[in-house]
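Heads up: the structure comes next, in structure tokens.
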Amino acid sequence: MNTLIHMIEEEYELKIVRYEVMRDSGKSLVVVLHTPKAKYLGKSLFTTAERQDFILDAEEYLRKKGIAIPNVKRTKDRRRYIFWNRSPFLIQEWASGPMLALNSPARLRRTGSTLGKIHAASLGFSSPLSDDFNASSTWEEEYEKDLASMKLWKDQHAACTDSKHAMIVWHLPFFLIAGKIAADSLHHSSYFQKWKQLPCSEHFLCHGDFNNGNLLSTKQKITVIDWEDVRYDFPSKDISRVLSLLMRKDGDWDRHGFRQLMKGYLRENPLTRRQRHLLYVDLAFPHITERFLRQKQYLDMTENEIRQFLKREIKKSAYMLEKMRALE
């Protein structure tokens, strides 16, 4: 670490008086850097220069469109990052403020509004690397793979006497049926087929990890941090992340909370009827349940926690299927 600090001081012409390692894992290195005049955040995602350039290009584009994102500090020769252990390492201005709580209709609307602003502002963005980070072409394959994964899990555990596994097996037919309905609707959606073929500049940028922990709020603005998973995708991907956190906090599906979130969102990014249909298709599909099984999240949960999780996911999917059918 001392070698890295010395390199930072040399390349950025900074005097580091103190530092703290926030995270040092196989996925990233995050360090808080203190100088006599300011505090900075240094980080490496252990990724390629191409991926880092795409992230920084996306941030810069959104920043120019009015989205509050911490600025990247340039090196003394104006580079956006240096290399540490053969991976890009960059320094950002320190962002402060409490995370935006999801505990009132007004805050849910503000969360939705912030997300809507990001998606609306992202249209028009393109970079030389755009095609490498566009997820639209993988949707049908993902749906098919997830359905097969859930069916395989059900078949493998059908005769299991363990109470946790038996409970999940009993609930899985709903998710398989809901997933098949959503997948068929996706396949027959003329808008989806057209959307896949759009140039990248007409696709939305999704944050990829949009949660209230990455929203630092003050009365004046919300600063959005941690853009490591940014890519081209559809708004449902970021909205799904917020819904999962909201349901985990409340312990149940909250259609009123969802409506408040969407009220704020659609005020800033008014989706067309066909776009809303695709949104509900993707939110109805049991992506979260498939991940729950694949990552074996149930192993660290009580039976009651598993039951609550499955019931709220069923309620959410049923609601989204209703909304989807109303727009067909």
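Residue numbers (full-length UniProt numbering): 1 to 328.
Every residue gets a Cβ at the ideal spot worked out from N, C-alpha and C, and that includes glycine.
What you are looking at is a predicted structure, and each value in this text was computed from that prediction instead of being measured.
Counted within 10 angstroms of its Cβ, other Cβ atoms place residue i as buried (16 or more) or exposed
i, result
"F192", "buried"
"D162", "exposed"
"A284", "buried"
"R23", "exposed"
"H119", "buried"
"W170", "exposed"
"T289", "buried"
"residue 332", "This structure cannot settle anything about residue 332, because the visible part of the chain is limited to 1 through 328."
"K154", "buried"
Whether residue i touches residue j by CB criterion (7 Å)
i, j, result
"M320", "Y280", "yes"
"S113", "S44", "no"
"residue 342", "R312", "For the chain, the structure presents residues 1 to 328; residue 342 sits outside this window and is missing."
"R231", "F133", "yes"
"R80", "V72", "yes"
"G124", "S244", "no"
"K194", "S136", "no"
"S317", "A178", "yes"
"G116", "E268", "yes"
"I306", "M150", "no"
"L327", "R259", "no"
"A49", "L205", "no"
"I82", "E11", "yes"
"Q308", "G257", "no"
"Y298", "K164", "yes"
Residues near residue i by beta carbon distance below 6 Å, same chain, minus five either side
i, result
"L29", "S44"
"H34", "V17, R18"
"R282", "This sequence places Asp at residue 282; Arg is not what is there. S236."
"A95", "P70, L216, T223, I225"
Own chain, CB closer than 8 Å to residue i, minus 5 neighbours either side, in chain order
i, result
"D209", "D226, E228, D229, R241"
"P98", "L216, S217"
"M7", "I82, W84"
Per-residue DSSP class, three states only, for residue i
i, result
"M22", "strand"
"Y143", "helix"
"G179", "helix"
"F204", "strand"
"M99", "strand"
"N2", "helix"
"I69", "coil"
"K237", "helix"
Beta strand (DSSP E) segment containing residue i, residue limits
i, result
"V30", "29-34"
"W84", "82-84"
"L90", "87-93"
"I222", "222-224"
Terminal residues of the alpha helix (DSSP H) in which residue i lies
i, result
"R291", "287-294"
"G264", "255-268"
"Y319", "303-326"
"K117", "105-122"
Sequence-distant residues of its chain with Cβ nearer than 7 Å to residue i (five each side left out)
i, result
"V32", "Y19, E20, M22, K39, L41"
"T75", "E11, Y12, I82"
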